[in-house]
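Here the sequence shown stands for residues 144 to 377, where the numbers follow this note's numbering.
Beta carbons are placed, not taken as given, at the ideal position from N, Cα and C, and that holds for glycine.
Predicted model only: the values in this text are computed from it and were never measured.
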Amino acid sequence: MPPPRARSTCWPAKAAVWWRHSSCQAERVRLIAVCVAILAIANCSAPPAPSAADRYERWLAAGHVAQSAAYSRQLRQHGLDGVVPMRQLLRSGRRWRRCAVDEFALPPPAAWPSMRPTLVLVRDLSRAGVLVKPQVASGFRTAAFNRCEGGSSRSRHLTNNALDFDLGREVSVADLCRYWRKHGAARRFGLGFYGRRQIHVDTSGFRTWGHDYTRASSLCVTSSAGTGKPTNGG
Ligand SMILES: [Zn+2]
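What follows is the structure in structure tokens.
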């Protein structure tokens, strides 16, 4: 009969004692090796999150190549295809994940011309140095997504006439308001502020609004926004 195996003394009740126990070095090395292996496997098995460009390519490949190209072609015929990259122009909205819709949305062809005057305005704002590298957050929305996004039932996103932008720090709200005051009536410039760095632009009428959708809360109406002085809003 074989002698009973000696019980290991390398797993004392208290881990701290074990960790310091000089005769447990081999067990410690094995434990560390196992942890490193687990972390390596976890790291390797989690693919990197796809970039916005990758997501756009995947969306195009899922049956949207021809329509997107046709929309882009029509904009090019009017010299407007380069104002906003298609990958931005077709962004559905900020809450696409929460609302379980595609990140990108194609307006129906009948609504394509509605975007032209807004792109002309965006182009002119860029040329005037008022908009600098604006990032589109939302373009055309379906009615269902617009409700989920929190848009008005009369939102110009429904008719493909509106764009929401995230603004960089280099954009001056005072300059934006100054342009709106000077050219807004002629350009039918609708300017909304969802925050100091989140704006809505459309060409459906000369008006402005702020966080509560009233004119009074617009950064262009509050006393200091149009004067070039810094404001605390948004
Ligand atoms: Zn908007």
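What's the gap between the Cα of HIS221 and the Cα of THR365?
Spanning the two alpha carbons is a distance of roughly 37 angstroms.
Under 7 angstroms: does the beta carbon of ASP224 sit that close to some heavy atom of ligand 1?
No, ligand 1 has no heavy atom inside 7 angstroms of this Cβ.
Give me whichever residues DSSP pairs with TRP379 in a beta bridge.
Nothing can be reported for residue 379, as the shown portion of the chain is limited to 144 through 377.
Quick check: is any heavy atom of ligand 1 less than 7 angstroms from the C-beta of ASP309?
ASP309 Cβ: outside cutoff for every heavy atom of ligand 1.
Who are the near neighbours of ASN375 in its chain, counting only those whose CB is closer than 6 angstroms to its CB and skipping five residues on each side?
With a pLDDT of 30 at ASN375, under the threshold of 50, the modelled position of that residue is not reliable, and no figure is offered here.
Exposed or buried, PRO193, counting other C-beta atoms within 10 Å across all chains shown (16 or more means buried)?
Exposed, by the Cβ-count rule.
Whose CA, out of MET229, GLN168, ALA205, ALA213, lies closest to the CA of GLY282?
Residue MET229 is the option with its Cα nearest to GLY282.
What number of angstroms, rounded off, separates the C-alpha of GLY233 from the C-alpha of PHE247?
In the sequence under discussion, the amino acid at residue 233 is Leu, which differs from the Gly named in the question. In a straight line, the C-alpha of LEU233 is about 5 angstroms away from that of PHE247.
Is the beta carbon of LEU455 less than 8 angstroms from the beta carbon of HIS300?
This structure gives no information on residue 455, because the portion of the chain shown stretches from 144 to 377.
Taking the alpha-carbon positions, what's the VAL316 to ALA176 distance?
Approximately 56 angstroms between the Cα atoms of the pair.
State yes or no: is the C-beta of ILE261 within less than 8 angstroms of the C-beta of VAL344?
Looking at the sequence itself, residue 261 is Thr, so the reference to Ile does not match. A contact, by the Cβ cut-off of 8 angstroms.
When you compare each of SER296, ARG340, VAL279 to THR285 by their alpha carbons, which one comes out closest?
Looking at the Cα atoms, SER296 is the closest of the given residues.
Measure how close the beta-carbons of ARG330 and THR346 come, nearest whole angstrom, since I'm counting them as under 8 angstroms.
The pair is a contact, with the Cβ atoms about 6 angstroms apart (cut-off 8 angstroms).
I believe GLU292 touches GLY236 by the beta-carbon criterion, under 8 angstroms. Please report the beta-carbon distance rounded to the nearest angstrom.
Confirmed, Cβ separation roughly 4 angstroms.
In whole angstroms, give me the CA-to-CA distance for ALA212 and PHE336.
If you take the alpha carbons of ALA212 and PHE336, they lie about 32 angstroms apart.
I need the boundaries of the alpha helix (DSSP H) containing LEU268, first residue and last residue.
Run containing LEU268: 259 to 270, per the alpha helix (DSSP H) assignment.
Tell me whether ASP197 sits in a helix, a strand or coil according to DSSP, three-state version.
Of the three classes helix, strand and coil, the one that applies to ASP197 here is helix, per DSSP.
Within its chain, find whatever has a CB closer than 7 angstroms to the CB of VAL107; leave out the 5 residues flanking it on each side and keep chain order.
The shown model of the chain, from 144 to 377, leaves out residue 107, and the question about it has no answer.
When the Cα atoms are used, what is the spatial distance from PRO252 to ARG266?
The straight-line gap from Cα to Cα measures roughly 22 angstroms.
Note down, in chain order, each residue of its chain lying with its Cβ closer than 7 angstroms to the Cβ of GLY311, except the 5 sequence neighbours on either side.
Here the set comprises VAL275, LYS276.
Between the alpha carbons of SER298 and TYR214, how many angstroms are there, rounded?
In a straight line, the C-alpha of SER298 is about 21 angstroms away from that of TYR214.
Return yes when the Cβ of VAL279 is within less than 8 angstroms of the Cβ of ASP307, no when it is not.
Closer than 8 angstroms, so yes.
Helix, strand or coil for VAL208 per DSSP?
Reduced to three states, the DSSP call for VAL208 is helix.
Of all the options ALA328, ALA195, GLY225, ARG173, which has the alpha carbon lying nearest to the alpha carbon of SER269?
Nearest C-alpha to SER269: GLY225.
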